[in-house]
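Participant: One structure is given below, represented as structure tokens, and several questions about it will come after.
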Amino acid sequence: MTVRTRFAPSPTGYLHIGGVRTALFNWLYARRHGGQFVLRIDDTDQQRNVDEALEPILHGFKWLGMDWDEGPDVDGPYAPYYQSQRQERYQAAAQKLIDDGLAYYDYSTNEEVQGEREAAQAEKRPFQYSRKWMAETEEQRKAFEAEGRSFVVRLKMPREGKCEFTDLVRGELSFDWALENDHVIQRSDGSCLYHLASVVDDYEFKISHVIRAEEHLPNTPRQIFIGQSLGFTIPEYAHLPYVAEPGSKRKLSKRKLEKYLKNPDFKKLNEHGQGIAERMNLTTTADSFNPVIVDFYEQVGYLPEAILNYLVLLGWSLDDKTEDFTVEEMIANFSLERVTKAPASFDGKKLFAFQDRYIQKLPLKQKTAKMLPYLQKAGLVAEPTPCDVGPKLGQIIEACGDRLKVAGDIIAYADYFFVADEDMQYDEKGFQKRLCKAGAKENLAKFREALAATDDWSKENLDKVLHQFVEAAEIKIGEIIHALRMAITGKPVGPGMFDCLAIIGKESCLKRIDQTLAKIDASCAS
RNA sequence: GCCCCCUUCGUCUAGUGGCCCAGGACGCCGGGUUCUCAGCCCGGAAACAGGGGUUCGACUCCCCUAGGGGGUACCA
119 MTVRTRFAPS
129 PTGYLHIGGV
139 RTALFNWLYA
149 RRHGGQFVLR
159 IDDTDQQRNV
169 DEALEPILHG
179 FKWLGMDWDE
189 GPDVDGPYAP
199 YYQSQRQERY
209 QAAAQKLIDD
219 GLAYYDYSTN
229 EEVQGEREAA
239 QAEKRPFQYS
249 RKWMAETEEQ
259 RKAFEAEGRS
269 FVVRLKMPRE
279 GKCEFTDLVR
289 GELSFDWALE
299 NDHVIQRSDG
309 SCLYHLASVV
319 DDYEFKISHV
329 IRAEEHLPNT
339 PRQIFIGQSL
349 GFTIPEYAHL
359 PYVAEPGSKR
369 KLSKRKLEKY
379 LKNPDFKKLN
389 EHGQGIAERM
399 NLTTTADSFN
409 PVIVDFYEQV
419 GYLPEAILNY
429 LVLLGWSLDD
439 KTEDFTVEEM
449 IANFSLERVT
459 KAPASFDGKK
469 LFAFQDRYIQ
479 KLPLKQKTAK
489 MLPYLQKAGL
499 VAEPTPCDVG
509 PKLGQIIEAC
519 GDRLKVAGDI
529 IAYADYFFVA
539 DEDMQYDEKG
549 FQKRLCKAGA
559 KENLAKFREA
569 LAATDDWSKE
579 NLDKVLHQFV
589 EAAEIKIGEI
599 IHALRMAITG
609 KPVGPGMFDC
619 LAIIGKESCL
629 KRIDQTLAKI
639 DASCAS
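Below, the structure written as structure tokens:
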């Protein structure tokens with residue numbers, strides 16, 4: 119049997135991180151078994167601009183490298199892959215169920231059924247529809263219609279026995295048929311509902327394994343009933359635990375951002391990304407730019423492999439120690455048997471740690487290629503790229519070392535390397551602390567002369583020059599180096615001092631020091 | 001209300017009756033190193049939800065309770 123799995127996104131305009139985890143498990147399972155991964159679009163007839171709302175989702179999949187074998191843009195033998203274009207099939211299935219006596223026309227009103235439901239609740243017994251308005255003959259239909267009633271189609275569920283099936287994650291499961299309701303499968307306007315559609319599609323697409331979130335577990339008996347009634351082979355089922363909210367066990371949702379931001383780790387992750395977006399002058403909205411949405415990570419400069427590695431461990435593990443997996447290793451090792459049963463909450467810190475590890479492993483050339491566009495978006499480097507930028511950026515990235523956690527971090531670290539001397543911005547707090555203190559100006563002025571007399575501008579030599587200066591002046595190294603950093607970078611923190619001096623170059627360094635000396639007179643209260 | 005699922009350090013997890021006074025990872029705390037930051041090195045705290053069984057022996061099996069989550073739509 120060929121393994122075929124599917125993921126069924128609805129065109130909402132964004133790709134949700136929890137959805138990606140579910141999709142990832144489907145994708146890995148298909149790839150692991152040499153099968154196919156299908157993307158089926160859960161749209162409805164009413165939805166407008168489906169293409170527009172779908173595009174960011176498909177883009178997200180592409181960015182992560184999760185390719186699909188059939189679906190939008192990839193035609194396959196079972197097209198169309200849009201549910202809105204498959205209504206006739208669902209209607210035919212509904213008709214067949216009626217013809218076989220496994221579904222029926224129901225002429226009840228909403229209020230009538232709701233009344234029965236409330237009565238059952240009041241008596242603390244399970245609700246079971248009385249089938250009072252069920253019409254199984256033409257005469258009954260005519261009679262109800264004469265009353266002016268309209269109909270829906272309901273499943274005629276069994277009222278005894280058990281529905282038993284094996285879930286690949288949870289094992290043997292058993293549900294009482296009598297507790298299942300006569301669910302509506304076709305609305306009064308003739309359109310069909312999700313459960314019917316889903317079962318019909320899974321069968322027609324020859325899906326072998328339905329791997330989906332836990333919320334569908336209680337729906338499974340009714341889907342099995344539909345499938346069996348239609349004479350379909352029933353797929354294997356695997357119900358995955360949720361990706362839960364940060365620090366909780368509740369299902370992660372798209373619209374509760376406010377609440378998640380109260381979680382310190384989530385907040386930090388978000389603020390870090392927002393900072394980068396600001397430096398790129400990106401206009402963001404909470405709806406489209408936050409850590410619950412995959413696009414956030416792409417914009418900010420995370421690596422897809424890091425995201426995937428983090429996500430695969432949300433509910434799955436190989437053993438007691440392996441944490442790092444390349445995509446190939448994930449594919450080679452993934453199994454449903456090792457999926458956990460309990461929900462896993464989203465942990466921004468851990469995701470960030472994976473990102474850190476992955477980006478540090480990246481060769482300099484690739485880092486440079488990934489980071490350059492960020493400097494351009496921030497307006498620090500022209501487009502097309504001037505030819506001296508590449509080597510310089512390489513030096514900067516090397517100097518920054520593991521301070522750069524995501525590609526977008528380069529902006530904050532590299533701005534003073536690319537900005538004109540006279541446009542350099544000073545961090546005011548740092549300026550006060552490091553340059554407005556006694557002796558700072560004098561030391562800086564003296565060291566300027568030492569630098570002016572230096573021709574060998576290599577960082578090794580600069581290191582030597584500074585140490586000689588410190589010794590001669592009989593001061594501690596900290597007394598000059600912090601002032602110097604402020605003077606030539608404008609910031610209190612950054613890469614190694616000698617790297618900075620070397621990269622900025624003699625001419626600019628002297629100019630910046632002069633500028634700074636002038637500013638000390640202007641800005642420091644005496 | 002009814003039905004279903006779940007429950008090991010703060011978080012992700014390992015553990016399928018003795019290898020576990022519970023292992024790894026992220027984070028956290030303390031100390032050291034460095035020109036700042038980021039690191040790096042050393043050390044540390046931190047969990048089997050509770051109660052009954054079964055067994056020579058239970059994190060592992062059974063039952064109950066509690067807690068958490070989900071479903072119960074002419075939503076998906």
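The numbering used here applies: residue 119 is where the first sequence begins, and numbers increase by one. For every residue, glycine included, the Cβ atom is placed at its ideal position computed from N, Cα and C.
(1) D574 to K468, Cα distance in whole Å?
(2) Got a sec? Which residues, its chain only, sit under 7 Å from N381 by beta carbon, not counting five neighbours each side?
(3) Tell me, which residues are paired with F616 by DSSP?
(4) Taking Cβ positions, are W591 and K564 nearer each other than 8 Å?
(5) Thinking I477 and K523 are a contact (beta carbons under 8 Å), I'd like their distance in whole angstroms, please.
(6) Rounded to a whole number of angstroms, what is the C-alpha to C-alpha distance between A356 and F245?
(7) Compare the Cα-Cα distances from E516 to each of T444, E546, K483, P491 and report the closest residue.
(8) So, with DSSP's three-state summary, where would you put G393?
(9) Which first and last residues belong to the alpha helix (DSSP H) in which H151 is found?
(10) Count the other CB atoms within 10 Å of the CB of H301; is the residue buried (16 or more) or exposed (fewer)?
(11) When the Cβ atoms of the segment 218-232 are set against those of the segment 182-200, are three or more pairs found closer than 8 Å?
(12) Considering only residues of the same chain and omitting the five flanking positions on each side of F293, which have a CB-CB separation below 7 Å?
(13) Based on Cα-Cα distance, which residue from F155, D217, K214 lies nearest to P190?
(14) If R158 sits next to F323, beta carbons under 8 Å apart, how far is it from one beta carbon to the other, in whole angstroms?
(15) In terms of alpha-carbon separation, which member of D465, S435, F443 lies closest to L454?
(16) How many Å lie between S626 and H600 at the Cα?
(17) If N561 sits next to I528, beta carbons under 8 Å apart, how far is it from one beta carbon to the other, in whole angstroms?
(18) Three Cβ pairs or more, each shorter than 8 Å: is that satisfied between the segment 435-446 and the segment 402-421?
(19) Tell me, which residues are paired with T123 by DSSP?
(20) Per DSSP, which residues does F293 bridge with? Please list them.
(21) What residues match up with Y222 in a beta bridge as DSSP calls it?
(22) Label R124 either buried or exposed according to how many other C-beta atoms from any shown protein chain fall within 10 Å of its C-beta, with 16 as the threshold for buried.
(23) Looking only at C-alpha atoms, which of K551, L619, P613, L553 sits nearest to L569?
(24) Applying the 10 Å Cβ sphere with the 16-neighbour rule, what's the burial state of A460?
(25) In the DSSP assignment, find the unbroken alpha helix (DSSP H) run with H585 in it and report its ends.
(26) Would you report the Cα separation of H115 and T503, rounded to the nearest angstrom?
(27) Compute the Euclidean distance between the alpha carbons of I352 and D320, then round it to the nearest angstrom.
(28) What are the residues that DSSP puts in a beta bridge with Y200?
(29) Pull up the distance between the alpha-carbon of V231 and that of V270, whole angstroms please.
(30) Going straight from the alpha carbon of L182 to that of E173, what length do you get?
(31) Give me the residue from E446, L480, L133 with the minimum Cα distance to A171.
(32) Relative to the C-alpha of G136, which residue among Q258, V121, V412, I325 is closest?
(33) Helix, strand or coil, according to DSSP, for R330 in the structure here?
(34) Report the three-state DSSP secondary structure of L432 (helix, strand or coil).
(35) Label A728 either buried or exposed according to how many other C-beta atoms from any shown protein chain fall within 10 Å of its C-beta, with 16 as the threshold for buried.
(36) Could you give the C-beta distance for K622 and L553, rounded to a whole number, given that I count them as a contact under 8 Å?
Facilitator: Per the coordinate set shown:
(1) One-based indexing of the first sequence puts residue 574 at position 456. One-based indexing of the first sequence puts residue 468 at position 350. C-alpha separation (whole angstroms): 44 Å.
(2) Along the first sequence, read from residue 1 onward, the residue named residue 381 stands at position 263. Correct list, in chain order: P364, G365.
(3) Translated into positions along the first sequence, residue 616 becomes position 498. DSSP, once it has assigned bridges, lists no residue as partnering F616.
(4) The residue you call residue 591 lines up with position 473 of the first sequence. The residue you call residue 564 lines up with position 446 of the first sequence. For the record, residue 591 in the displayed sequence is Ala; it is not Trp. Taking 8 Å as the Cβ cut-off, A591 and K564 qualify as a contacting pair.
(5) Counting from 1 along the first sequence, the entry for residue 477 is found at position 359. Counting from 1 along the first sequence, the entry for residue 523 is found at position 405. Cβ-Cβ separation between I477 and K523: approximately 7 Å, consistent with a contact (criterion under 8 Å).
(6) Sequence index remark: in the first sequence, residue 356 carries index 238 (1-based). Sequence index remark: in the first sequence, residue 245 carries index 127 (1-based). So the alpha carbons of these two residues sit roughly 28 Å apart.
(7) Locating residue 516 in the first sequence gives position 398, where the first residue counts as 1. When each option's Cα is compared against that of E516, the closest is K483.
(8) Residue numbering aside, residue 393 sits at position 275 when the first sequence is read from its first letter. Taken through DSSP and simplified to helix, strand or coil, G393 comes out as helix.
(9) As a working mapping, residue 151 is identified with position 33 in the first sequence. From DSSP, H151 is part of no alpha helix (DSSP H); its letter is neither H nor E.
(10) Counting from 1 along the first sequence, the entry for residue 301 is found at position 183. Taking every protein chain shown into account, the CB of H301 has 16 or more other CB atoms within 10 angstroms, so this residue is buried.
(11) With a cut-off of 8 Å, the segment 182-200 and the segment 218-232 do not count as touching, because too few Cβ pairs lie within range.
(12) As a first step, residue 293 must be located in the first sequence, where it is residue number 175. Counting only residues of its own chain and dropping the five nearest sequence neighbours on each side, F293 has a CB closer than 7 Å to the CB of K280, C281, P339.
(13) Counting from one through the first sequence, the residue named residue 190 turns up at place 72. P190 has its Cα closest to that of F155, out of F155, D217, K214.
(14) Sequence index remark: in the first sequence, residue 158 carries index 40 (1-based). Sequence index remark: in the first sequence, residue 323 carries index 205 (1-based). With a Cβ gap of about 7 Å, R158 and F323 count as contacting.
(15) Residue numbering aside, residue 454 sits at position 336 when the first sequence is read from its first letter. Cα-wise, what sits closest to L454 is S435.
(16) Position 508 of the first sequence, counted from the first residue, corresponds to residue 626. Position 482 of the first sequence, counted from the first residue, corresponds to residue 600. For S626 and H600, the distance between alpha carbons rounds to 18 Å.
(17) Counted from its first residue, the first sequence places residue 561 at position 443. Counted from its first residue, the first sequence places residue 528 at position 410. At roughly 31 Å, the Cβ-Cβ gap does not stay under 8 Å, so N561 and I528 are not in contact.
(18) The answer is no - the segment 402-421 does not touch the segment 435-446, with fewer than three Cβ pairs under 8 Å.
(19) The count along the first sequence starts at 1 and reaches residue 123 at position 5. Per DSSP, F155.
(20) Here residue 293 refers to the residue found at position 175 when the first sequence is read from its first residue. In DSSP, F293 forms a bridge with C281.
(21) Walking along the first sequence from the start, residue 222 turns up at place 104. Checking the DSSP bridge columns, you'll see Y222 partnered with R272.
(22) As a position in the first sequence, residue 124 is number 6, starting the count at 1. With 16 or more other CB atoms across the displayed protein chains lying within 10 angstroms of its CB, R124 is buried.
(23) In the first sequence, the residue the question calls residue 569 occupies position 451. Closest by C-alpha distance to L569, out of K551, L619, P613, L553, is L619.
(24) For this step, residue 460 is matched to residue 342 along the first sequence. Counting other Cβ atoms within 10 Å of its Cβ, A460 stays below 16 and is therefore classed as exposed.
(25) Here residue 585 is taken as the residue at index 467 of the first sequence, counted from 1. Judged by DSSP secondary structure, H585 falls within the alpha helix (DSSP H) whose first and last residues are 577-591.
(26) Nothing can be reported for residue 115, as the shown portion of the chain is limited to 119 through 644.
(27) Translated into the one-based positions of the first sequence, residue 352 becomes position 234. Translated into the one-based positions of the first sequence, residue 320 becomes position 202. Cα to Cα, the separation comes out at about 9 Å.
(28) As a working note, residue 200 is residue 82 in the first sequence. According to DSSP, Y200 shares a beta bridge with I159.
(29) Within the first sequence, the letter at position 113 stands for residue 231. Within the first sequence, the letter at position 152 stands for residue 270. Cα-Cα distance, rounded: 12 Å.
(30) Looking up residue 182 in the first sequence gives position 64. Looking up residue 173 in the first sequence gives position 55. Taking the straight line joining both Cα atoms gives about 14 Å.
(31) Translated into positions along the first sequence, residue 171 becomes position 53. It is L133 whose Cα lies nearest to the Cα of A171.
(32) Taking the first residue of the first sequence as position 1, residue 136 is located at position 18. Here the closest residue by C-alpha is V412.
(33) For this step, residue 330 is matched to residue 212 along the first sequence. Strand, per DSSP.
(34) For the purposes of this step, residue 432 is identified with residue 314 of the first sequence, where counting begins at 1. It is coil, neither helix nor strand.
(35) Residue 728 lies beyond the stretch modelled for the chain, which goes from 119 to 644, so this question has no answer here.
(36) By 1-based counting over the first sequence, the position of residue 622 is 504. By 1-based counting over the first sequence, the position of residue 553 is 435. Looking at the sequence itself, residue 622 is Ile, so the reference to Lys does not match. Not confirmed; about 18 Å, so no contact.
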